[in-house]
Every structure is written in C-alpha cells, then in structure tokens.
Amino acid sequence: MPGPWPAKPLKPHPWPCPGQAAASGATAAAESTAARVAIESDRITGSISLQGGRIDQLSLKDYRETLDAGSDIVTLLSPIGSENVYYAVYGWAPGTGLNADQVPGPNTVWSAPAGAELTPNSPVTLSWNNGAGLEFFRTISVDEDYMFSVSQSVRNTGAAQVALAPYGILARHGEPAGLKKFFILHEGLIAMADGTLTETSYDDLDKAGQHTDIEVAESGWIGFTDHFWMATMVPTEGQGAKFSAFHDEARDIYQTTMRLGTQTLQPGQEISVSSQLFAGAKEWETIRNYEAGKKLDPFFTSLMYGLGMTDAAPQGVNGFLDSIDWGWFFFLTKPIFFVLHELNAAIGNMGLAIIALTIVIKILVFPLAYKSYASMAKMKELQPEMEKLKERAGDDRARMQKEMMELYKREKVNPASGCLPILIQIPIFFSLYKVIFVTLELRHAPFFGWLRDLSAPDPSSIFNLFGILPWAAPEPQSLLATIFIGILPILLGVSMWLQQKLNPAPTDATQKMIFAWMPWVFMFMLGGFASGLVVYWITNNTITFTQQYLIMRSHGYKPDVFGNIRSSFQRGAKSAKK
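The numbering used here numbers the first residue of the sequence shown as 7 and each following residue consecutively.
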C-alpha cells in the first residue's frame, strides 16, 4: 500500500461539499422522505438518514432549552429542510480507476437491515453496491455517552485495481442560533493537530477554495464548538489525516473536513478505516475520560491529571479537554474548576460548592493576606506620627516624602503591601468568571429558593419588590434589569460597604467621594453577572471583612465599624442640610 498522501491519487475537486446538493429543493424533499435508522440511548435520541448515511438528527436527553419542566430537550444536529441544519456525513473520494458516481457521497442512498436501531448494545451496518465491482459498508456504533465510532469498509469484487480515500464532513448551514459573539467565549471552528490547538470564529473562517489544509501526523480532531455543545471528528491515532475548514459564502455553509489517507484496493481485497465522532455536551468529566481513555480511576491519578500535573500520556483523544474554552488563565481555570467539580460532587449543591471554593482560595492566599492586613494595621498605628510629619513638612513635598520613607523603613512597614489582596483577587476573579460562564456544569445549576440557575443573573428585582408585587421582573440584560437589581447584587454592595467601614473615611475629599460611591457602583455593575460569581464575591467580602477585623485586633488596633457607619450618616445628614 502506498503512503498516505501519494502525489496525484485523486481527480480534481474530489472532496464534496454536501451543501451543493442541499441547495436544491428536490434534494431537500428527497431528504425529508428518506428512510431512517433510529438512534437511542439513555442520554441521546435521534436518527441516521439513509440518504448519505448522515448522522443528522440528535438531541440530548439530559439537557433542556430552559428551566421550564416542559421545555424541549436540546437539539444538537438537524437535517436538511429543518432550522439550524447541522450534520455529519461520511464518504469516499474517487482515485485512479473510479468516477464520482462509483463511490458513496453525501446523497448516496444506503441500505440498512430491517428494524435496525443504533444503541450502545447494537451497532448498525449500512451497505451500498456501486454495481461496478465495489461493495461499501459503514458500521456505526455509539457508547453510553456521546462518542460514535464509524468504520468505513470497501470490498473490491471487480477485476481492476482502484484507489479511493475516505473522508468525514461536518456541515453547518448558517451561523448557529443564539451565537453569543462574546469575547470571553469561543464559538466556531476548533481543531487539535499534534498538540496545536486552532480556534477560529465563524466570521474569520477562510472562504471556500481559499482555505489551507492542516496536516495531522499522529493525533488530532476537528469540528465546531458551541457554548455548551460540540461536534468533532477524530481520526484513529497514528493513521494520519488532513483537516480543512471553510465557509461556502454562496450557500452560507460552514464545513470542516477530515480526509484520511488514499487506499489502493486490489481485486478481491477488502479494507476498513475507522474514526470517531463526538456529538454531545461538553461535560468536563466525560471529555476528560475520553482524553484519558477512561483509565483514570484512582483518585490520586485523577487529581494529578485534573490539575495538568501528570507526565503520563494516556491513550485516548489527545488534548480533548482543551475543547472547553479555558482561556488565557488556563493554569488557574483548570485547577479552579477541578476543585469546584469535586466540591460539588461531595456537597451536592453548586452554590455551596462555590462558597466552599471561596473558603479554600482564602485559605491558600491567607499568608499574603495576613502580611498585607498586618501592614495596614501598622499603618493605622502610624497615622498620628504621619500627621505630625505633614505639619512639620508643610508644603515641602520632597521633605515629607523622604521622612515618610524613613518612618516606613524604621517601623518595617511596606505601604504597597495593602494592594496584594486586590492584585491576587484580579486573576482569581477573572478565572472564576470564566469557569462559571463557560463550563456546562454551571448551566441551570440551582442554589436555593429563587436562584435556580447560577450561570444566569439573579432573577429577583426591586421592580416587583422581589416577587411580592404581581408583575414580572425586567428581562435580563435589559436597561430596566440593570437599574432594578436583585437581592444578591444588593448584598454584594452592602458587603463591600461594610468592608470599607473597618477604616475611617479618607481625609482627602476626592478619595472620600470615590470610596463612598465604589460599593454602589460595583453593585450595579455586577448585577447582570452570573449569580454564581456574585455568590463568590459576597462570600469573599464576608471572609475578608472577618480576617481583616481579627488581624487588626491582634495588632492592637480596634476597628470602630459602628462608629464609622454613624459618622458617614452624620456627614451625609450635614451635607443634606447645607
């Protein structure tokens, strides 16, 4: 058998675009009347069209479109003639000795055994005879989750040698409904080729005829990723492949192609080529198991692998966990989500798991926080001495700066250390925001009471007095929703305000105004964020308040919280009188 990519094994334009045929009304009508083979398991339901042998109807039983009990289950793949057309199709490209009509393509009508049904326990074999000495078979199986295995076979019963190459195509007609186009989330082409990840949005895909191939020597996968769902084709490791992706603008079809090596078939010979198709939900544990070959049973190995600390190269779909969009801070988002996942598994409530995760994070950063808060307490002790320095220096800023630095050095105080907790919180906050926004496990995850989806903003609102008045709250992301915020954002503002009251208000008028407004500005800014993130921030503020109060007390400085609150109201009352 020749190498996988002979110089000129195929005829011009061998790789079909299924959308070419789909453009005609006759093809759509034929598709709607084609016989089908049912797909059924505990987690998915759908069917395979015998026209093209397309896997083009697939819904996910475990997920609904909305929180309503009667809501439709999520549909991932849809056939031609329906809305949001999206399907996988396999075929053979003709090589030496063959014409396009002698190999099965996107519109070939296959045969299936009577009563055939694809389940985890019963694969389905489709067949087609070209009438010119070639018999084609396609065996499709599915596991208990979302992975299909596709074996493409051909038997040469003729008298001549032929060459042909197997391929797989994922085709999507138009951009998906509900495409978010949000900078923090990638949706569109996703491909892994020998350890190199490629992510391209729908807008940036090359045009048909102008695209370039991605060479895969050992392992890879290619497909389309949505916010929570994904379909990707996976060639068998080590067999080599060529990936391509493009946008057929004339028909508005987005297509990814997996092209496998050309096969030379002697008379009387039969060959078979296998690949896989993942079509389902981007569940962290499921995808991790596919990447690991489902061999990571011991807890310690699972822990090391989840944190990306193992040197082992598990047999599975290499790099598959990167199909989840971990972002630039992947070194934080991956371990943060791993810990959150394990806490949720142990506690059974994602909201409580977020609170527990916040406590874990605060414990880890406590040494730095302690040093920072201790320095802040020391600064408070030095406040009288600093006021004397200001009086002595007068308008001489250089002298004042010099004497203050000498005071800091003498008392071993670092004024910049107070910024450490804030600097630490920035990447952690962004990483947790990424985790809550991107990962499927937070979707429709309930907390308590009215908080039924931690990935969505707090649905309560001042507008209807948190459900007391008989009208609905404003729609999320609307201007009214930004103004009439819910209970969680209010608690966030109050927690930030209380944290400020550990210290007296700054003497500088500008700083005083900024500090006075900051909690309430953040309250409205974060009101439209995922409620899980607001739960984290409230918990973080509460723990920070407690830590700072106790550390200040341990250093001899007793924060006068209630006195600072009273003074702020008294200043407000005096300002109102003026």
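Yeah, the Cβ is synthetic: ideal placement off N, Cα and C, and Gly gets one too.
The shortest CA-to-CA distance from Gln554 to any of Ala199, Ile259, Tyr376 and Tyr152 is the one to Tyr376. Between the alpha carbons of Trp98 and Asn135 lies a gap of roughly 13 Å. Taken through DSSP and simplified to helix, strand or coil, Gln108 comes out as helix.
Taking C-beta atoms under 8 Å as the contact rule, Arg70 and Ile79 qualify, at a distance of about 6 Å. Fully enclosed alpha helix (DSSP H) runs of no fewer than 4 residues occupy 426-444 and 485-489 of the segment 413-501, in order along the chain.
The beta carbon of Ala94 is closer than 6 Å to those of Ile61, Leu176 and Leu283 in its chain, skipping five residues each way along the sequence. The three-state reading of DSSP puts Val160 in strand, counting E and B together. The three-state reading of DSSP puts Tyr92 in strand, counting E and B together.
Looking at the backbone, the Cα of Gly274 and that of Thr163 are separated by about 5 Å. Taking every protein chain shown into account, the CB of Thr114 has 16 or more other CB atoms within 10 angstroms, so this residue is buried. Take Gly194, set aside five residues on each side of it, and the residues of its chain with a beta-carbon closer than 6 Å to its own are Thr206, Ser207 and Tyr208, in chain order. Ile190 counts as exposed, since fewer than 16 other beta carbons sit within 10 angstroms of its beta carbon.
Straight-line measurement puts the Cα of Ala165 at about 11 Å from the Cα of Gly103. By the criterion of a C-beta distance shorter than 7 Å, Ala380 is surrounded in its chain by Ile557 and His561, once the five residues flanking it on both sides are discounted. The shortest C-alpha to C-alpha distance from Arg294 to any of Ser55, Ile549 and Met153 is the one to Met153. Here DSSP, grouped into helix, strand and coil, assigns Pro241 to strand. By the CB criterion at 8 Å, Arg49 and Asp74 fall outside the cutoff. In the three-state reduction of the DSSP assignment, Arg49 falls in the coil class. For Ala362, the three-state secondary structure derived from DSSP is helix. Distance check between Gln57 and each of Phe252, Val43 and Leu64 places Val43 closest, using alpha-carbon atoms only.
In the structure shown, Asp62 falls within a strand segment according to DSSP collapsed to helix, strand and coil.
Bridge pairing for Arg178: Tyr92 and Tyr260 [DSSP]. If you draw a straight line from the Cα of Pro465 to the Cα of Leu266, it is about 50 Å long. Per DSSP, the unbroken beta strand (DSSP E) holding Thr270 starts and ends at Gln269 to Leu271. In the DSSP secondary-structure assignment, Thr231 is bridged to Gly194 and Met236.
Rounded to the nearest angstrom, the gap between the Cα atoms of Gly325 and Ser133 is 34 Å. It is roughly 14 Å from the alpha-carbon of Gly534 to the alpha-carbon of Ile468. Taking 8 Å as the cut-off, the Cβ atoms of Ile330 and Lys288 count as close. It is roughly 6 Å from the alpha-carbon of Asp200 to the alpha-carbon of Val222. Looking at Thr125, Gln269, Pro482 and Pro110, the one whose alpha-carbon comes closest to that of Ala138 is Pro110. Inside the segment 500-559, DSSP marks whole alpha helix (DSSP H) runs of 4 or more residues at positions 515-531, from first to last along the chain.
Put simply, the backbone Cα of Val130 is about 12 Å away from that of Ser55. Between the segment 479-496 and the segment 384-398 there are fewer than three inter-stretch CB-CB distances shorter than 8 Å, so the stretches are not counted as touching. Partner residues in the beta bridge of Met153, as assigned by DSSP, are Phe284. DSSP places Ser77 outside both helix and strand once states are collapsed to three, so it counts as coil. Around the beta carbon of Met411, fewer than 16 other beta carbons sit within 10 angstroms, so the residue counts as exposed.
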